[in-house]
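What follows is a single structure, written as structure tokens, with notes after it.
In the working numbering, the protein residues as written are 72 to 494.
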């Protein structure tokens with residue numbers, strides 16, 4: 072039976088590979104731009120085109136099937152107008168727009184999109200999601216791969232090393248681990264941390280069942296100083312990626328606005344996901360879908376943070392907690408169904424996990440002992456107590472608990488693994 076299935080799918084696989092080879096080369100074209108604006112408006116400004124040596128993304132599933140994220144990048148063959156590549160993503164700018172600060176003034180952020188390196192001229196469009204969840208095209212540019220202004224001399228070139236070797240990057244989920252605040256003398260510690268955090272990932276389902284579907288790379292990129300910025304304590308250091316606590320004035324939100332540096336570092340290996348390991352014992356982290364994730368290396372909760380944040384960056388999972396303070400305002404308007412697969416406003420619950428709950432489960436579901444272990448529809452999630460619902464009373468996306476993704480989160484993660492591995 073297995074042989075029969077292989078031969079049945081072989082023509083499909085060969086067609087997908089031939090489509091990639093028809094339009095693309097096995098390397099990356101990166102489009103860097105500046106994204107600026109305020110609460111109510113945004114503008115895009117071209118910065119640079121960069122050729123990178125590896126393509127870590129899929130060669131079979133070139134069109135993003137998930138309606139996730141704030142933005143959508145689409146690549147069209149210029150001659151035929153055919154859509155040949157797409158990717159959804161979110162950014163730090165899109166989060167900043169939901170803060171009070173965005174009401175006061177405008178601000179600019181570094182952003183970029185990547186694509187397989189085209190063989191012929193393509194048209195890149197970037198669209199932004201509106202409040203009603205529709206997309207509006209915001210930026211369009213034609214890119215000629217023969218353009219001599221495409222940079223080939225990359226910044227931040229460093230050696231890579233394999234942490235987990237699952238196989239061909241085009242058929243695996245490729246994670247690149249970037250050292251942040253590790254000095255030259257601490258590179259051995261970074262390599263040990265890479266192995267430790269890889270094991271953290273595979274301690275949790277469904278990653279443990281899919282270990283062979285992953286590659287994990289590390290980059291030997293030492294920083295001048297050890298640690299990271301902690302502005303409230305007047306601590307400022309010189310590091311590779313420019314990370315800092317107190318992003319959006321939230322102490323534990325550990326992010327960086329130096330996105331070009333992050334992309335430059337990641338380009339030293341094939342990658343689908345970027346993970347920044349920050350050399351500090353202070354609790355914190357962060358992640359944005361198809362953007363990057365961060366985690367601290369020496370905190371008692373580092374394993375939980377690492378897996379929790381990867382859920383955001385990789386599978387677009389929402390935070391299910393609602394008691395902690397955040398800088399966001401009205402992050403999930405109640406009149407719309409959230410796009411994240413693990414929360415609902417019940418506007419379109421059919422599209423979420425209704426198929427997974429038992430018929431006798433009340434909707435909404437009371438948070439009582441009776442339903443403690445069952446899937447349901449429990450009020451509270453997405454940073455608010457009322458009007459947003461989560462699938463289980465507790466989950467790794469709600470509170471500090473290791474290997475505790477609920478069935479809904481596991482399904483979302485599995486679907487993303489299958490997408491990247493061409494299944």
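Just so it is clear, CB atoms sit at the ideal spot from N, CA and C, and this is done for glycine as well.
Short Cβ contact (9 Å threshold) for residue 213 with residue 149: Taking the chain shown and counting its residues from 1, one reaches residue 213 at position 142. Taking the chain shown and counting its residues from 1, one reaches residue 149 at position 78. Contact flag set, yes.
Where residue 93 falls, given that 16 or more other Cβ within 10 Å makes a residue buried: Along the chain shown, one-based indexing puts residue 93 at 22. With fewer than 16 other Cβ atoms from the protein chains shown falling within 10 Å of its own Cβ, residue 93 counts as exposed.
Cβ pair residue 299, residue 350 closer than 9 Å: As a first step, residue 299 must be located in the chain shown, where it is residue number 228. As a first step, residue 350 must be located in the chain shown, where it is residue number 279. Yes, they are a contact pair.
Residue 198 (DSSP reduced to helix, strand or coil): Taking the chain shown and counting its residues from 1, the one referred to as residue 198 is at position 127. DSSP places residue 198 in strand when its eight states are reduced to three.
Reduced DSSP secondary structure (H/G/I, E/B, other) of residue 406: Taking the chain shown and counting its residues from 1, one reaches residue 406 at position 335. Here residue 406 sits in coil by DSSP.
Limits of the unbroken beta strand (DSSP E) element including residue 140: Within the chain shown, the letter at position 69 stands for residue 140. Counting along the chain, residue 140 sits inside no beta strand (DSSP E), nor does DSSP assign it H or E at all.
Three-state secondary structure assigned by DSSP to residue 433: Taking the chain shown and counting its residues from 1, the one referred to as residue 433 is at position 362. The three-state secondary structure of residue 433, taken from DSSP, is coil.
Entirely enclosed beta strand (DSSP E) segments - the stretch 219-258, minimum 3 residues: Along the length of the stretch 219-258, whole beta strand (DSSP E) runs at least 3 residues long occupy 231-235 and 244-251, reported in chain order.
Residue 238, buried or exposed, once every other Cβ within 10 Å from all chains shown has been counted against 16: Looking up residue 238 in the chain shown gives position 167. Exposed.
Residues that DSSP places opposite residue 290 in a beta bridge: Locating residue 290 in the chain shown gives position 219, where the first residue counts as 1. In DSSP, residue 290 forms a bridge with 231.
Reduced DSSP category for residue 204 - H, G, I as helix; E, B as strand; rest coil: Position 133 of the chain shown, counted from the start, is the residue given in the question as residue 204. Coil.
Segments of 4+ residues assigned as alpha helix (DSSP H) that fall wholly inside the stretch 153-183: For the stretch 153-183, whole alpha helix (DSSP H) runs of length 4 or above, ordered along the chain, are 163-167 and 172-175.
Helix, strand or coil at residue 344 according to DSSP, with G and I counted as helix: The residue you call residue 344 lines up with position 273 of the chain shown. Residue state, collapsed to three classes: strand.
At least 3 beta-carbon pairs within less than 8 Å: the stretch 225-234 vs the stretch 315-330: Touching, no, given that fewer than three Cβ pairs across the two stretches are closer than 8 Å.
Residue from 342, 261, 233 and 139 with nearest C-alpha to residue 187: Residue mapping note: residue 187 aligns to position 116 of the chain shown, counting from 1. Considering only alpha carbons, the answer is 342.
When 115, 276 and 374 are compared against residue 264, the one with the closest alpha-carbon: Within the chain shown, residue 264 is the residue found at index 193, counting from 1. Each of 115, 276 and 374 was checked against the Cα of residue 264, and the nearest Cα belongs to 374.
Reference residue 294; option with closest CA among 88, 251 and 333: By 1-based counting over the chain shown, the position of residue 294 is 223. Out of 88, 251 and 333, 251 has the C-alpha closest to the C-alpha of residue 294.
Inter-residue spacing [alpha-carbon to alpha-carbon] between residue 489 and residue 369: By one-based count along the chain shown, residue 489 stands at place 418. By one-based count along the chain shown, residue 369 stands at place 298. Residue 489 and residue 369 have their C-alpha atoms spaced approximately 32 Å apart.
Any beta strand (DSSP E) of 3 or more consecutive residues that is wholly inside the stretch 425-470: Counting whole runs of 3 or more residues, the stretch 425-470 contains the beta strand (DSSP E) stretches 449-452 and 455-461.
7 Å Cβ shell around residue 77 - same chain, five flanking residues per side excluded: Counted from its first residue, the chain shown places residue 77 at position 6. Its pLDDT being 48, under 50, residue 77 is placed unreliably in this model, and the value from its coordinates should be taken loosely. Excluding residues up to 5 positions away in sequence, nothing lies with its Cβ nearer than 7 Å to the Cβ of residue 77 in the same chain.
Span of the alpha helix (DSSP H) around residue 332: Numbered from its first residue, the chain shown carries residue 332 at position 261. Residues 330-337.
Spatial distance of residue 184 from residue 108 (CA atoms): Within the chain shown, residue 184 is the residue found at index 113, counting from 1. Within the chain shown, residue 108 is the residue found at index 37, counting from 1. For residue 184 and residue 108, the distance between alpha carbons rounds to 19 Å.
Residue range of the beta strand (DSSP E) that includes residue 107: For the purposes of this step, residue 107 is taken as the residue at position 36 of the chain shown. Here the beta strand (DSSP E) through residue 107 covers 95-108.
Residue 172 versus residue 355 - alpha carbon distance: Within the chain shown, the letter at position 101 stands for residue 172. Within the chain shown, the letter at position 284 stands for residue 355. Cα-Cα distance, rounded: 22 Å.
Cutoff 6 Å; reference residue 471; Cβ partners in own chain excluding five residues on either side: Sequence index remark: in the chain shown, residue 471 carries index 400 (1-based). Listed in chain order, the non-local C-beta contacts of residue 471 below 6 Å within the same chain comprise 372 and 375, local neighbours out to five positions each way being set aside.
Residue 125 and residue 162 closer than 9 Å at C-beta: In the chain shown, residue 125 corresponds to position 54, counting from 1. In the chain shown, residue 162 corresponds to position 91, counting from 1. The answer is no: Cβ separation not under 9 Å.
Outcome for residue 444 when other beta-carbon atoms lying within 10 angstroms are tallied against a minimum of 16: Counted from its first residue, the chain shown places residue 444 at position 373. Burial call: exposed.
Given residue 193 as reference, the closest of 182, 203, 211 and 206 once Cα atoms are compared: In the chain shown, residue 193 corresponds to position 122, counting from 1. Closest option to residue 193, judged by alpha-carbon separation, among 182, 203, 211 and 206: 211.
CB of residue 157 within 9 Å of CB of residue 178, strictly: Locating residue 157 in the chain shown gives position 86, counting from the first residue. Locating residue 178 in the chain shown gives position 107, counting from the first residue. Pairing residue 157 with residue 178 gives a Cβ-Cβ distance that is not under 9 Å.
Beta-carbon proximity list for residue 232, same chain, < 6 Å, skipping 5 on both sides: Residue 232 sits at position 161 when you count from the first residue of the chain shown. Cβ neighbours of residue 232 beyond the five flanking positions: 289.
Cα-Cα separation between residue 281 and residue 245, rounded to whole angstroms: For the purposes of this step, residue 281 is identified with residue 210 of the chain shown, where counting begins at 1. For the purposes of this step, residue 245 is identified with residue 174 of the chain shown, where counting begins at 1. Cα to Cα, the separation comes out at about 13 Å.
Close beta carbons around residue 97, own chain, < 6 Å, minus the five adjacent residues each side: Along the chain shown, read from residue 1 onward, the residue named residue 97 stands at position 26. These residues qualify, in order along the chain: 126.
N- and C-terminal bounds of the beta strand (DSSP E) containing residue 363: As a working note, residue 363 is residue 292 in the chain shown. Residue 363 -> beta strand (DSSP E) spans 363-367.
6 Å Cβ shell around residue 358 - same chain, five flanking residues per side excluded: Counted from its first residue, the chain shown places residue 358 at position 287. These residues qualify, in order along the chain: 364, 380, 383 and 384.
contact_flag[the stretch 215-224, the stretch 256-271] where n(CB pairs < 8 Å) is 3 or more: Inter-segment contact for the stretch 215-224 and the stretch 256-271 is absent: fewer than three beta-carbon pairs are separated by less than 8 Å.
Close beta carbons around residue 164, own chain, < 6 Å, minus the five adjacent residues each side: In the chain shown, the residue the question calls residue 164 occupies position 93. So the qualifying residues of the chain are 106 and 180.
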